[in-house]
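Here is the structure we will look at.
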Amino acid sequence: MSPVIDLEAERQEILRQYRRLLRTAKPYLHGNDAKLIKKAFNQSLEAHKDMRRKSGEPYILHPLAVAQIAVEEIGLGTTSIVAALLHDVVEDTPTEISDVERDFGPKVARIVDGLTKISGVFEQGTSEQAENFRKMLLTLSEDVRVILIKLADRLHNMRTLDSMPRHKQLKIASETIYLYAPLAHRLGLYAIKTEL
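Quick note: the sequence shown, position 195, residue 179 per our numbering, numbers continuous.
Here it is as structure tokens:
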């Protein structure tokens, strides 16, 4: 028998996390930024509405957490918050990159596209392969925000690793040690590198 899900409690938690994100970002917001973030949140919420993480929690809490890390721990602005909220919609839902570009413009679309392309590229390999991959990422990523949001994504995945099967935990931990932690160090994100 599956556990009973309290949908109202989940809805309240989603709204609480969304409001927290807006409060954190408020000092950096200008003009229509809050409306753009709300639009991205609503689009991500709709795209991920029937999805759950391995932990059982609603999937939307992951993009919200990634956006929170991007603004609070890395210091990124509105474009990155919007891209973080949308970072899995092209990869995991029927949403196309052209939809993202139409609704949020070419900058956000390029970042989301970059995040989609680098997702899952790294397979367990030697530290030399990891070094080459790090160099390739830094060279190919025309916008460093792609890498910064990917680091925020990985940091949230590491914080919620407990719900994953053991073999997946080991794979993710290995990728993090060989690829993401050195990348965070190279970009000067020492607190994130230490936590990773």
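Where a beta carbon is used, it is the ideal one built from N, C-alpha and C, also for glycine.
Practice item. List in chain order: all unbroken alpha helix (DSSP H) runs of 4+ residues lying wholly within the segment 21 to 81. Key: Runs of the alpha helix (DSSP H) inside the segment 21 to 81: 45 to 56, 62 to 69 and 73 to 76.
Point to revise | Same chain, Cβ closer than 7 Å to V66, five either side skipped, listed in chain order | key: Hits under 7 Å: L20, I21, A24, F88 and V92.
Exercise for review: State buried or exposed for D213, treating a residue as buried only when at least 16 other CB atoms are found within 10 Å of its CB.
Suggested key: Because residue 213 is not part of the residues shown, which for the chain are -15 to 180, the question remains open.
Review point. Does the separation of the CB atoms of L132 and L70 fall below 9 Å?
Key: Taking 9 Å as the Cβ cut-off, L132 and L70 do not qualify as a contacting pair.
Check your understanding: Run through DSSP, which three-state label would T144 get?
Key -> Three-state DSSP puts T144 in coil, outside helix and strand.
Review point. Is I(-11) helix, strand or coil when you go by DSSP?
Key: Looking at I(-11) - three-state DSSP - the assignment turns out to be coil, as it is neither helix nor strand.
Review point. Just checking, does the segment 155 to 166 make contact with the segment 71 to 82 on the three C-beta pairs under 8 Å criterion?
Key: They do not touch, by the three-pair rule.
Check your understanding: Just curious, the alpha helix (DSSP H) that I161 is in, first and last residue?
Key -> Here I161 belongs to no alpha helix (DSSP H), and DSSP marks it neither H nor E.
Check your understanding: Applying the criterion that 16 or more other CB atoms from any shown protein chain within 10 Å of the CB defines a buried residue, is Y12 buried or exposed?
Key -> Y12 is classed as exposed because its beta carbon has fewer than 16 other beta carbons within 10 Å across all chains shown.
Check your understanding: Where do the ends of the alpha helix (DSSP H) carrying Y174 lie?
Key -> That run of the alpha helix (DSSP H) goes Y174 to E179.
Review point. Among I53, L(-1) and H32, which one has its Cα closest to the Cα of N8?
Key: Per the sequence shown, residue 8 should be read as Thr rather than Asn. The closest CA to that of T8, considering only I53, L(-1) and H32, is found on I53.
Exercise for review: Whole angstroms is fine: what's the gap from T63's alpha carbon to P47's?
Suggested key: Straight-line Cα distance between these residues: approximately 14 Å.
Review point. What number of angstroms, rounded off, separates the C-alpha of D(-10) from the C-alpha of Q(-4)?
Key: Roughly 10 Å between the two C-alpha positions.
Exercise for review: Please confirm whether A51 and A136 have their CB atoms less than 9 Å apart.
Suggested key: Yes, they are a contact pair.
Practice item. Have a look at Q153 and Y164 and give me their C-alpha separation to the nearest angstrom. Key: Whole-angstrom Cα-Cα distance: 15 Å.
Practice item. Work out the CA separation of Y174 and D83 for me, nearest whole Å. Key: So the alpha carbons of these two residues sit roughly 35 Å apart.
Exercise for review: Put L154 into one of helix, strand or coil per three-state DSSP.
Suggested key: The three-state reading of DSSP puts L154 in helix, counting H, G and I together.
Exercise for review: Please state whether DSSP places D17 in a helix, a strand or coil.
Suggested key: Correct three-state label for D17: helix.
Point to revise | Residues of its chain near L29, where Cβ-Cβ distance is below 8 Å and the 5 sequence neighbours each way are ignored | key: Counting only Cβ-Cβ distances below 8 Å, and skipping sequence neighbours, we find I(-2) and I44.
Check your understanding: Ordered along the chain, which non-local residues of its own chain (more than five positions away) have a Cβ less than 7 Å from that of Y2?
Key -> Once the five neighbours on either side are set aside, the close Cβ partners of Y2 are F25 and L48.
Check your understanding: With DSSP run on the structure shown, which of helix, strand or coil describes P149?
Key -> DSSP places P149 outside both helix and strand once states are collapsed to three, so it counts as coil.
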